[in-house]
Structures are given as structure tokens and as C-alpha cells.
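If you're matching positions, the sequence shown starts at 255 in our numbering and goes up one per residue. First comes the structure, then the notes that go with it.
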Amino acid sequence: EGQGVAQRIARRIYRVFGRGESQIAVACAGVVDDQPGASIHYQVKFPETLVKIVVRDRELAAAAARLEVIDGRLRAALGEFLYGTDEPALPEVVVGELLGADLTVACAESCTGGMVGELLTRRPGASRAFRGGAIVYSNEEKSRQLGISPALLADHGAVSEACVRAMASATQDRFDVDVAVAISGIAGPDGGSADKPVGTVWLATATRAGQVNAQRIHWPGARDMVRTLAAWWALTLVRQAAGTMAPAGGGV
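Structure representation (C-alpha cells):
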């Protein structure tokens, strides 16, 4: 450009969830260094991070070829935290994969108050995958709607691995779905304790095959940020669970 030579540009956006910008930058260090005219850029778009690759060359074909070299390196560097490229965000990606694999999903939500269900129904045609959900804020509703044992709640508390495992299994059974996801957490700004500080969230998925997996996250941020992050982690866990049942092939 400095010499007045017209430049052709090849670019691609990689969508990443589950790692912060600094962690992503470390993982991606050096992926464009030996590719002339290539640059890498990061944009935080909470709760995800966009990694943008731009390659310039006098010939578009040459720029595109170098982009493909970088693409392979970037996918290897980002691993499971890369969920897609360019336009579709995680909710659309998850529903698309569920529809493509003819799988159904339901959710049980405490601290997210229906946010997961809202995300899963943004895409037209989502009703073929999404069966429904239960919003169970109080312990009484966890017991009434899902049959969670009061003894379990008394022994472990609502924000616990034991509780979300039971919630996920009950949701899978009651909605008769391939994958169920459950969330219970402390979004704040109060309600935390020394062993369960504000921002603590437990999530679990249960599949028709009887597999139950749980995960704990902790995000000491504002209430809406905790709830949004929890909802996106729920989608991520649904995607992982569905991947164990989906047909071979595909990918981002």
C-alpha cells in the first residue's frame, strides 16, 4: 500500500468462549509470524472473544492460501474453546447442531431465570430441538417441579454439584429429552458465603444414555455478567454432551 500497490484482503473471524483474551493471545502467539502480510487482532465481546485474522497480498488467491495455513494453526491452538467462525454466535451454533443431529434439549434454571431457554429459542425452528424448561429459584420449587429431595438440599445446598446433577437428571426424565442442562448459582450482589462466594455457579448435563457431567465456574463480576456467563457455559455443556451423540463429521 505504501508503494501504491493495490492490496487484496482475506479475513476470517474465529469465535472463542471459555478463555480470556490474555489466555487466547498466549495460545495464539506466533501463528502469523512467518506469513507475510498477516495480522491477528482480538476483540472482547462478552462473554466471548473474537479472534480476527487479516491477510493482505497483491493477489487474493495468495492471501487466501496463507489464511488457510494460519487457519490450521489457529484451530490447533484454540482447541475446544473455538466454537465457530464468522457470523453465527454460540446460541445459533448449538441449536443448529442439535437440529442437525435430530436431538432434543430441556433446561432447569435457577440463577439464570430462563436465560438459557431464551438463548435456545432465538433461532427459527428451534422448537424442533427445544422441549421446554423449568425455572426453579426456590428450594420448594426444585422439589415440587423436579422432585429434588429436601434432604439433598439440606445436606448440600441448592448451589452444589449434588443438586445440579439431580436437577439435570430429573429434567432429562420429565421432559424426555436427549440432553438436559441444569444451573444453580449465586449471581449476587449478595447471598454468598466463604465456601460459596458470589459468582459461584454449578452446572450439569444429563443425557438419555445416563451420562451426567457437572462443572463449577466462578466469576466475581456483576450480577448480569454472572448470569450471562452461566447461560453460555450451559450452552457449551449442551454442545459437548450432544457431541457424544451426534453423527461423526461436522466441526467449525
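C-beta atoms are modelled at their ideal positions from N, C-alpha and C, and glycine is treated no differently. Since this is a predicted model, take the numbers as computed values, not measurements.
Residue range of the beta strand (DSSP E) that includes residue i
i      : result
Val308 : Glu302 to Asp311
Leu509 : Nothing can be reported for residue 509: it is not among the residues displayed for the chain, which extend from 255 to 506.
Lys299 : Ala292 to Lys299
Arg385 : Phe384 to Ile389
Residue i - DSSP class collapsed to helix/strand/coil
i      : result
Trp487 : helix
Val506 : Per-residue confidence for Val506 stands at a pLDDT of 47, beneath the threshold of 50, marking its modelled position as unreliable; no derived number is given.
Glu363 : strand
Leu332 : helix
Val480 : helix
Val431 : coil
Val270 : strand
Ser438 : strand
Arg376 : coil
Thr339 : strand
Arg265 : strand
Ala495 : helix
Gln399 : helix
Gln289 : coil
Pro443 : coil
Ala468 : strand
Pro474 : coil
Thr358 : coil
Asp449 : coil
Glu255 : Note that Glu255 scores a pLDDT of 44, beneath 50, so its modelled location is shaky; the value from the coordinates is reported in the next line. Correct three-state label for Glu255: coil.
Leu352 : helix
Val413 : coil
Ser381 : helix
Gly284 : coil
Ser392 : coil
Nearest neighbour of residue i, chosen from the options [CA to CA]
i      : options                           : result
Gly445 : Ala412, Gly464 and Val466         : Ala412
Ala279 : Ala319, Ile307 and Gly475         : Ile307
Phe384 : Ala319, Gln426, Ser414 and Asp288 : Gln426
Ala315 : Pro474, Ala488, Gln465 and Ile263 : Ile263
Ile437 : Arg428, Thr459 and Asp430         : Thr459
Arg509 : Leu400, Val305, Gly284 and Pro345 : This structure cannot settle anything about residue 509, because the visible part of the chain is limited to 255 through 506.
His472 : Lys450, Trp486, Phe300 and Val298 : Lys450
Gly338 : Asp478, Val418, Gly272 and Ser364 : Gly272
Thr461 : Ile440, Gly439, Arg419 and Met479 : Arg419
Pro443 : Pro404, Ala362, Ala463 and Pro474 : Pro474
Leu332 : Gln277, Ala422, Lys396 and Asp409 : Gln277
Thr482 : Glu363, Leu328 and Arg266         : Glu363
Arg398 : Val298, Glu415, Ala416 and Arg428 : Arg428
Cys234 : Asp478, Thr375 and Asp325         : The structure shown does not extend to residue 234, since the chain spans only 255 to 506, so no value can be given for it.
Arg376 : Ala343, Gly464, Tyr268 and Ala424 : Ala343
Arg382 : Leu357, Ala424, His295 and Phe300 : Leu357
Cys417 : Glu372, Gly379 and Arg470         : Arg470
Ile267 : Ala424, Gly439 and Leu336         : Leu336
Glu313 : Ser403, Glu334, Gln261 and Ala380 : Gln261
Integer Cβ distance of residue i from residue j, believed to fall under 8 Å
i      : j      : result
Val435 : Val370 : 7 Å
Val359 : Asp432 : 7 Å
Val270 : Glu302 : 6 Å
Leu352 : Ala488 : Going by Cβ atoms, the distance from Leu352 to Ala488 rounds to 13 Å, so no, they are not a contact pair.
Ala476 : Thr366 : Incorrect: roughly 15 Å between the Cβ atoms, too far for contact.
Gly387 : Gly368 : 7 Å
Val305 : Leu328 : 7 Å
Ala355 : Met499 : 7 Å
Leu466 : Ala441 : Checking the sequence shown, residue 466 turns out to be Val, not Leu. Not quite, the Cβ-Cβ distance comes to about 24 Å (not below 8 Å), so this is no contact.
Ala468 : Glu415 : 5 Å
Span of the alpha helix (DSSP H) around residue i
i      : result
Ala405 : Pro404 to His410
Gln277 : Glu275 to Ala281
Validate contact between the region 391-410 and the region 453-472 using beta carbons, cut 8 Å, 3 pairs = no
Say whether the region 318-327 touches the region 283-297, bearing in mind that this needs 3 or more beta-carbon pairs closer than 8 Å, one atom from each stretch.
-> yes
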